[in-house]
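Scroll down for the structure; my scribbles are underneath it.
In this note's numbering, the protein residues as written are 200 to 571.
Given below as structure tokens:
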């Protein structure tokens, strides 16, 4: 059987959750079925070496976002490789892939956006209304539009990003087999030099406003003597780094490729985001038995059932976040209950399910008659 030629387009292979899921997918797709080339529109990223060690063929033309360089290079890649299907992840790469496809005649397109986009376009980016219009036009060229949560898919349908007939949901996957071999919590605390006395919470992600970190700082301010009761570790980088450092209640550790070890070593994970997709860190926490406090936004309620395997609070609600942390600080039995229930639920998110579902969609797109 002739292999399906897949051109997989992504911004970069950095430290974020979307980049991790993308790399796991292209690594694990059956190479007897798929002939894969990867094109990076914004540079290499922290996971580039891992990708090259797996034998992936990668084109990377710029060290940062430069459309005038990336678009011609992507057009050239499409013309040389002549893919059966083009898969692009995240809005910038989707936009470039749609433009390159229009100029090369490529019709079989699968686009995947991993986040709730409405808040991004309305509150965060410059010229958001124009960019939203362009993004919707780009999605209209796709044979399939894939999100990682049902809530984001419904948002896309209700707000006109893509019709329901094109929308598919493939939830993020987690490598349960690898995580099962991590050392015990106590051993990890010793390795990572985390004191055993007192409780330890951890935040893992970009240090940006959209992650709700301002409300986390406010919530911490209202807990009496927090330095004596527990500590919060912050793993990641971003524009709020100096603000968080001045606040002083969160110990910033920077980017850590072994962040999963910190998640397992901690007593709980915090994710107070204002919006998300289907966050990997929540899946990872459940997989290693670390209970979660997170915002009730986007795809998070599809992972965490409030009061069953974690605590959910409203976004931008420092009072509710403070109350949830206080419950965890005071009730070890509650944390243990959530950890046990999370370990049962996480089986629904096995990595092989994600890869198999995406592979089926790519084969479906490749076999379709090209759109007019």
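The beta-carbon is built from N, C-alpha and C at its ideal position, and this holds for glycine as well.
Here the C-alpha atom of residue 520 lies approximately 6 Å from the C-alpha atom of residue 512.
By the C-beta density criterion, residue 551 is exposed, having fewer than 16 other C-beta atoms within 10 angstroms.
In this structure, residue 240 lies away from residue 267, with their beta-carbon atoms at least 9 Å apart. Residue pairing of residue 416 in beta bridges, as defined by DSSP: absent, with no partner found. Going by beta carbons, residue 294 and residue 476 fall outside the 9 Å limit.
Among the bridge pairs identified by DSSP, residue 453 is matched with 434. Taken through DSSP and simplified to helix, strand or coil, residue 335 comes out as helix. In the DSSP assignment, the residues bridged to residue 505 are 509.
The stretch 365 to 378 makes contact with the stretch 477 to 493, as at least three CB pairs between them are under 8 Å. Sequence-distant partners of residue 417 (beyond 5 residues in either direction) whose C-beta falls short of 6 Å from its own C-beta, in its chain, are 517. Taking all protein chains shown into account, residue 466 has 16 or more neighbouring C-beta atoms within 10 Å of its C-beta and is therefore buried. No Cβ-Cβ contact shorter than 9 Å links residue 431 with residue 461. Under the 8 Å Cβ criterion, the stretch 275 to 295 counts as touching the stretch 201 to 215, having at least three qualifying pairs.
In this chain, residue 261 is not harboured by any alpha helix (DSSP H), its DSSP state being neither H nor E.
Within a 10 Å sphere around the beta-carbon of residue 543 sit fewer than 16 other beta-carbons, which makes this residue exposed. Around the CB of residue 329, fewer than 16 other CB atoms lie within 10 Å, so the residue is classed as exposed. As for any beta strand (DSSP E) of minimum length 3 sitting wholly inside the stretch 245 to 313, the runs are 256 to 259, 284 to 288 and 308 to 311, ordered along the chain.
Distance from residue 256 to residue 236 at the Cβ level is roughly 5 Å; contact confirmed, criterion being Cβ atoms closer than 8 Å. Relative to residue 296, the option among 313, 506 and 276 whose CA is nearest is 276.
For residue 553, the uninterrupted alpha helix (DSSP H) segment begins and ends at 550 to 566. Spanning the alpha carbons of residue 327 and residue 315 requires a straight line of approximately 14 Å. In the DSSP assignment, residue 204 is bridged to 234.
Between the stretch 527 to 547 and the stretch 297 to 305 there are fewer than three C-beta pairs closer than 8 Å, too few to call the two in contact. The three-state secondary structure of residue 515, taken from DSSP, is coil. No residue range can be given for residue 447, since it is assigned to no alpha helix (DSSP H) and is classified by DSSP as neither H nor E. Residue pairing of residue 367 in beta bridges, as defined by DSSP: 345.
As the crow flies, the alpha-carbon of residue 472 is around 41 Å from that of residue 278. Approximately 17 Å separates the beta-carbon atoms of residue 258 and residue 233; this is outside 8 Å, ruling out the contact.
Ranked by how close their Cα comes to the Cα of residue 339, the residues 368, 360, 491 and 354 have 360 in first place. By the C-beta criterion, the stretch 433 to 450 is judged to be in contact with the stretch 402 to 414, since at least 3 inter-stretch pairs fall below 8 Å. Closest option to residue 404, judged by alpha-carbon separation, among 325, 504, 246 and 456: 456. Distance from the CA atom of residue 497 to the CA atom of residue 226, rounded to whole angstroms, is 27 Å.
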